[in-house]
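All the letters of the sequence shown, read from the start, carry residue numbers 262 to 434 under this note's numbering.
The structure appears right after this line, and notes come after that.
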Amino acid sequence: MTIDPWWREHPEERYWMIAPSRGVVGDALSAPKARVGRRFEWSHELVAFTEPGDTLFVWDRTGPAPGIAAWGRVLGPLGEETRARRGAELRHWRMPISDTLRLASPITLAQLRRVGAEIVAVRDRVEQVTPGPVYFPFIGSAQTLAPAPAYLTKMPRDLVALLSSRFGFEFAL
262 MTIDPWWREH
272 PEERYWMIAP
282 SRGVVGDALS
292 APKARVGRRF
302 EWSHELVAFT
312 EPGDTLFVWD
322 RTGPAPGIAA
332 WGRVLGPLGE
342 ETRARRGAEL
352 RHWRMPISDT
362 LRLASPITLA
372 QLRRVGAEIV
382 AVRDRVEQVT
392 PGPVYFPFIG
402 SAQTLAPAPA
412 YLTKMPRDLV
422 ALLSSRFGFE
432 FAL
């Protein structure tokens, strides 16, 4: 399997969402590279498609109310590193990022569900014009909206614009 980088033809599509399992991002995006005999994990491979200057939103599942709690920038350059795991050496993608900045008011899952119909409409529009997967950061219907069970997802510009208009943070779109 391979990634379908639908956003490459759209330079305004410079947004991602990371959902680190322990709530800590660190100084780089880091995920195992695909290899023969191992299950393909698209959310890991997306690390290789981030570019310097991209904006990275952070889903924090460790707080009292899980939600989008911080943001940062992709710095680059993309590299590789070797990590030992269970006695084996594994190759990882490594993309340096800036320090993350906390949002003054995290955007909670409850708040996202209140605009769930609009979020689902954005997803549907992107899917209509995209021949392959869109790697959207949320799954489910408007009422059951939840973060995708993935390390890194693609956040379409229209979703960033929607969240900015509803929750008051400003980004250069």
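Backbone N, C-alpha and C fix where the C-beta goes; we use that ideal spot for every residue, glycine too.
From a predicted model like this one, the values you see are computed outputs, not experimental measurements.
- Counting C-beta atoms within 10 angstroms of its own C-beta, H271 has fewer than 16 neighbours from the protein chains shown and is therefore classed as exposed.
- According to DSSP, R352 shares a beta bridge with T343.
- For A330, the closest alpha carbon among the candidates R363, V381, R375, V387 is that of R363.
- Shown here, R386 sits in a helix according to DSSP, grouped into three states.
- Take the alpha-carbon of F428 and the one of A378: they are about 16 Å apart.
- Relative to L317, the option among H353, E273, K415, D419 whose CA is nearest is K415.
- For I358 against V285, the beta-carbon gap comes to about 12 Å, at or over 8 Å, which does not count as contact.
- Here the alpha carbons of Q404 and L290 stand approximately 31 Å from one another.
- A direct Cα-to-Cα measurement between P367 and G328 gives close to 6 Å.
- With a cutoff of 7 Å on beta-carbon distance, P410 and V387 are scored as not near each other.
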